[in-house]
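Colleague: Sharing a structure with you now.
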Amino acid sequence: MGKIIAKSSRWRKVWLFLGICTNIFILGLFKYSEFFILEAQVFLSSFGISLRLDTFLPEALLELPFPIGLSFYVFQAIAYLAEIASKRQRPESFFKVLLYLSFFPTILAGPIMRPWQFFPQIRSLLAGQKIIALPGKPTRIQDESPLWDQEKEIIHGENSQNTLPIQGVAEQIPKALAFIVSGLFKKVVLASFLSEHVVRDVFQGPEAYSSLAVLTAVYGYAVQIFCDFSGYTDLALGLALLLGFSLPQNFNAPYLACNLQDFWRRWHITLSTWLRDYVYIPLGGSRQGNRYVNLALTMILGGLWHGAHARFLVWGALHGFGLICVHGVHQCKSRFFPKDQKNGSSQKSWLGGFLGWLVTFHFVSLAWVFFRAEDMDKALEILHRLFVWNQPGQGFLLLALPAIGCGLLLQIMGRFIFTWFVHAQARLPVIFQALTTALLTSMIFRMGPDGVLPFIYFQF
459 MGKIIAKSSR WRKVWLFLGI CTNIFILGLF KYSEFFILEA QVFLSSFGIS LRLDTFLPEA
519 LLELPFPIGL SFYVFQAIAY LAEIASKRQR PESFFKVLLY LSFFPTILAG PIMRPWQFFP
579 QIRSLLAGQK IIALPGKPTR IQDESPLWDQ EKEIIHGENS QNTLPIQGVA EQIPKALAFI
639 VSGLFKKVVL ASFLSEHVVR DVFQGPEAYS SLAVLTAVYG YAVQIFCDFS GYTDLALGLA
699 LLLGFSLPQN FNAPYLACNL QDFWRRWHIT LSTWLRDYVY IPLGGSRQGN RYVNLALTMI
759 LGGLWHGAHA RFLVWGALHG FGLICVHGVH QCKSRFFPKD QKNGSSQKSW LGGFLGWLVT
819 FHFVSLAWVF FRAEDMDKAL EILHRLFVWN QPGQGFLLLA LPAIGCGLLL QIMGRFIFTW
879 FVHAQARLPV IFQALTTALL TSMIFRMGPD GVLPFIYFQF
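Each residue of the sequence shown is one higher than the one before, starting from 459 at the first, in the working numbering.
Encoded structure:
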């Protein structure tokens, strides 16, 4: 399909549309078919038509197993076709495209790689060259009008991908091992502990727990999902480095954000920039006065990507509403206080920054309630126990507090600890680096619970 799009000039957009629809159809068939079948039965029953679709639909269609990582490589496939259509990417061979879509460190839960981040690395490695840095976003191959203009004022701000300097596999062993140890610690020690001892039981039956226990579980899940997802990303980054590849960073201390726009610059960066480039800007971006509508639609679609449930719809809508509010505040400030904007209102008081962080962290944490809850009723019960304080019920495990504190402390100290560990490892011979990593890994699994749960984003 990529080669057809590249060779076509008149029908390029049509072929791109067909390619995107094919990918979305495959994703919908595996991910949303059960939802649509059930909704169709409910719709027909409202007209008095009792029809069970499973009587004439093939059983294989009703029980389709969901391929692990399907959502992520569908995103990468769409990005590949879109970049070819906009003439920023040349079509690659079938082997290279297959490798791009099935690169095993990223296939399960990202990071979502763009073609211009992956194919130059493949070409360099096949040519026996060392990769100096993660490739940057290319300009167009030909000077023709693109499918959409690249905007500076976009859903989450400037497109700034963090890069990892690569000088060869041997030189990257300390950094790769540091990523692996970091990922295991986040997942096995923090995320698994919080899930098993703090979050799971409260979210399954919030009516049995006190308001304080519910609040602790809400904070616990905010830390759990960060440690779980960023832990997987760290493992993927480490494994890729050992193979000689550089992956884009996916997290940058998201719970230090002082507004929701800043949060989405720091959280799941590869997804937020994908939504910006392939959903928000094609919808029109901030042009024609439709910024707020486009923001809402983009975030709602981002929520529904996680699953066809009302709770994901609410989660996406909340973030869309929050981003609209942030943009509205920025517009009001630039309109009524132009001097502050011109002089760089970055000289904010520490109190304003602290209040912005406090509001953002709690907004994100409360939105996670809908993301994690098993259904809307349980989500609303959790919110009821939070806002109608002093509800009676069971308490919480005191060990939850240091675990939550440790997860939040990683936002501040994580990069410093990581850099220190890399420098300390680099002074050792490779054999001692491996022994140190093995010892730390053994300690991590000893500290964690007996059974480690699957990564949260594997289900998406």
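Ideal Cβ positions, reconstructed from N, Cα and C, are used throughout, including at glycine.
Kindly indicate which three-state DSSP category Tyr490 falls into: helix, strand or coil?
Modeller: In the sequence shown, counting from the first residue as 1, residue 490 sits at position 32. Note: Tyr490 maps to coil in three-state DSSP.
Colleague: In whole angstroms, what separates the C-alpha of Val888 from that of Ile631?
Modeller: Numbered from its first residue, the sequence shown carries residue 888 at position 430. Numbered from its first residue, the sequence shown carries residue 631 at position 173. The alpha-carbon atoms of Val888 and Ile631 are separated by roughly 8 Å.
Colleague: Check whether the segment 474-481 and the segment 523-542 touch, using three or more Cβ-Cβ pairs below 8 Å as the test.
Modeller: Cβ pair count under 8 Å is three or more, so yes.
Colleague: DSSP state of Gln869, grouped into three classes?
Modeller: Within the sequence shown, the letter at position 411 stands for residue 869. Note: Gln869 maps to helix in three-state DSSP.
Colleague: Tell me the rounded alpha-carbon separation between Ala892 and Ala694.
Modeller: Residue mapping note: residue 892 aligns to position 434 of the sequence shown, counting from 1. Residue mapping note: residue 694 aligns to position 236 of the sequence shown, counting from 1. Answer to the nearest angstrom: the Cα atoms are 18 Å apart.
Colleague: How about Ile902 and Gly678: do their beta carbons lie closer than 8 Å?
Modeller: Your numbering for residue 902 matches position 444 in the sequence shown. Your numbering for residue 678 matches position 220 in the sequence shown. No.
Colleague: Identify which residue in Leu755, Arg658, Leu857, Phe661 has its Cα closest to the Cα of Gly780.
Modeller: Residue numbering aside, residue 780 sits at position 322 when the sequence shown is read from its first letter. It is Leu755.
Colleague: DSSP beta-bridge partners for Gln852?
Modeller: Translated into the one-based positions of the sequence shown, residue 852 becomes position 394. Gln852 is bridged to Tyr667.
Colleague: Excluding the 5 residues preceding and the 5 following Ala837 in the sequence, name in chain order all residues of the same chain whose CB lies nearer than 7 Å to its CB.
Modeller: Residue 837 sits at position 379 when you count from the first residue of the sequence shown. Excluding residues within five positions, the ones whose Cβ falls inside 7 Å are Arg769, Val827, Phe828, Ala831.
Colleague: Tell me the start and end of each unbroken alpha helix (DSSP H) in the segment 813-843 that is at least 4 residues and wholly inside, in chain order.
Modeller: Listed in chain order, there is nothing to give.
Colleague: Is the beta carbon of Ala464 closer than 8 Å to that of Pro563?
Modeller: Your numbering for residue 563 matches position 105 in the sequence shown. Your numbering for residue 464 matches position 6 in the sequence shown. Taking 8 Å as the Cβ cut-off, Pro563 and Ala464 do not qualify as a contacting pair.
Colleague: Would you mind reading off the limits of the alpha helix (DSSP H) that contains Asp659?
Modeller: Against the sequence shown, residue 659 aligns to sequence position 201. Counting along the chain, the alpha helix (DSSP H) containing Asp659 begins and ends at 658-662.
Colleague: What is the C-beta distance between Ser823 and Ala680, in whole angstroms, given that I count them as a contact (C-beta under 8 Å)?
Modeller: Position 365 of the sequence shown, counted from the start, is the residue given in the question as residue 823. Position 222 of the sequence shown, counted from the start, is the residue given in the question as residue 680. 4 Å between Cβ atoms; contact.
Colleague: Report buried or exposed for Pro877, applying the criterion of at least 16 other Cβ atoms within 10 angstroms of its Cβ.
Modeller: For the purposes of this step, residue 877 is taken as the residue at position 419 of the sequence shown. The question names Pro, but residue 877 is Thr in the sequence shown. Classification for Thr877: exposed.
Colleague: For Lys545, count neighbouring C-beta atoms within 10 Å of its own C-beta (all shown protein chains included) and say buried if the count is 16 or more, exposed if not.
Modeller: The residue labelled residue 545 in the question sits at position 87 within the sequence shown. Its Cβ being crowded by 16 or more others within 10 Å, Lys545 is buried.
Colleague: Report the residue from Ala766, His785, Ile758, Leu700 whose alpha carbon sits nearest the alpha carbon of Trp773.
Modeller: Mapped onto the sequence shown, residue 773 falls at position 315. Of the listed residues, the one whose Cα sits closest to Trp773 is Ile758.
Colleague: First and last residue of the alpha helix (DSSP H) that includes Asn708?
Modeller: Locating residue 708 in the sequence shown gives position 250, counting from the first residue. Where Asn708 is concerned, there is no enclosing alpha helix (DSSP H), given that its DSSP letter is neither H nor E.
Colleague: Looking at the unbroken alpha helix (DSSP H) that takes in Val737, where does it start and where does it end?
Modeller: Taking the sequence shown and counting its residues from 1, one reaches residue 737 at position 279. Here Val737 belongs to no alpha helix (DSSP H), and DSSP marks it neither H nor E.
Colleague: Beta carbon of Asn717, beta carbon of Val784: below 8 Å?
Modeller: By one-based count along the sequence shown, residue 717 stands at place 259. By one-based count along the sequence shown, residue 784 stands at place 326. Taking 8 Å as the Cβ cut-off, Asn717 and Val784 qualify as a contacting pair.
Colleague: Using 8 Å for Cβ pairs, my map puts Thr674 next to Phe854. What's the rounded Cβ distance?
Modeller: In the sequence shown, counting from the first residue as 1, residue 674 sits at position 216. In the sequence shown, counting from the first residue as 1, residue 854 sits at position 396. Contact flag correct, Cβ pair sits at about 5 Å.
Colleague: Going by C-alpha distance, which of Phe661, Phe643, Tyr531, Val657 is nearest Cys685?
Modeller: For the purposes of this step, residue 685 is identified with residue 227 of the sequence shown, where counting begins at 1. Considering only alpha carbons, the answer is Phe643.
Colleague: In whole angstroms, what separates the C-alpha of Pro740 from that of Leu733?
Modeller: Looking up residue 740 in the sequence shown gives position 282. Looking up residue 733 in the sequence shown gives position 275. One C-alpha to the other measures close to 10 Å.
Colleague: Would you tell me roughly how many angstroms separate the C-alpha atoms of Pro907 and Ser529, rounded to the nearest one?
Modeller: Position 449 of the sequence shown, counting from 1, holds the residue named residue 907. Position 71 of the sequence shown, counting from 1, holds the residue named residue 529. The alpha-carbon atoms of Pro907 and Ser529 are separated by roughly 29 Å.
Colleague: Going by other Cβ atoms of all chains shown within 10 Å of its Cβ, with 16 needed for buried, is Ile914 buried or exposed?
Modeller: Counting from one through the sequence shown, the residue named residue 914 turns up at place 456. By the neighbour-count rule (16 or more Cβ atoms within 10 Å), Ile914 is buried.
Colleague: Using 8 Å for Cβ pairs, my map puts Leu699 next to Ala634. What's the rounded Cβ distance?
Modeller: As a first step, residue 699 is located in the sequence shown; it is residue number 241 there, counting from the start. As a first step, residue 634 is located in the sequence shown; it is residue number 176 there, counting from the start. Correct: roughly 4 Å between the Cβ atoms.
Colleague: Beta-carbon separation of Glu839 and Glu665 under 8 Å?
Modeller: Reading the sequence shown from its first residue, position 381 is the one you call residue 839. Reading the sequence shown from its first residue, position 207 is the one you call residue 665. It is a contact, given that the beta carbons lie within the stated cut-off.
Colleague: Here's a check: name, in chain order, each residue in its chain whose Cβ is nearer than 8 Å to the Cβ of Tyr531, leaving out the five neighbours to either side.
Modeller: Working through the sequence shown from its first residue, we reach residue 531 at position 73. If we look at Tyr531 and ignore the five residues flanking it on each side, its Cβ neighbours are Leu559, Ser560, Ile565.
Colleague: If you reduce the DSSP assignment to three classes, tell me which class Arg749 lands in.
Modeller: Here residue 749 refers to the residue found at position 291 when the sequence shown is read from its first residue. Arg749: helix per DSSP, three-state reduction.
Colleague: Gln852 and Ser668: beta carbons closer than 8 Å?
Modeller: Along the sequence shown, read from residue 1 onward, the residue named residue 852 stands at position 394. Along the sequence shown, read from residue 1 onward, the residue named residue 668 stands at position 210. Yes, the Cβ-Cβ distance between Gln852 and Ser668 is below 8 Å.
Colleague: Using a Cβ-Cβ cut-off of 6 Å (strictly less than) and excluding sequence neighbours within five positions of Phe577, which residues of its own chain qualify?
Modeller: Numbered from 1 along the sequence shown, position 119 holds the residue referred to as residue 577. The answer, listed in chain order, is Glu550.
Colleague: Would you say Gln547 and Ile570 are within 8 Å of each other, going by their C-beta atoms?
Modeller: As a first step, residue 547 must be located in the sequence shown, where it is residue number 89. As a first step, residue 570 must be located in the sequence shown, where it is residue number 112. Not a contact, by the Cβ cut-off of 8 Å.
Colleague: My output table needs one value for Cys864: the three-state DSSP class, helix, strand or coil.
Modeller: If you number the sequence shown from 1, residue 864 lands on position 406. Reduced to three states, the DSSP call for Cys864 is helix.
Colleague: Express the C-alpha separation of Ile638 and Thr899 in angstroms, rounding to a whole number.
Modeller: The sequence position of residue 899 within the sequence shown is 441, counting from 1. The sequence position of residue 638 within the sequence shown is 180, counting from 1. If you take the alpha carbons of Thr899 and Ile638, they lie about 9 Å apart.
Colleague: At 4 residues or longer, what runs of the alpha helix (DSSP H) sit wholly inside the segment 768-797?
Modeller: Complete alpha helix (DSSP H) runs here, min 4: 768-794.
Colleague: Could you give the first and the last residue of the continuous alpha helix (DSSP H) run that contains Trp574?
Modeller: Counted from its first residue, the sequence shown places residue 574 at position 116. That run of the alpha helix (DSSP H) goes 573-584.
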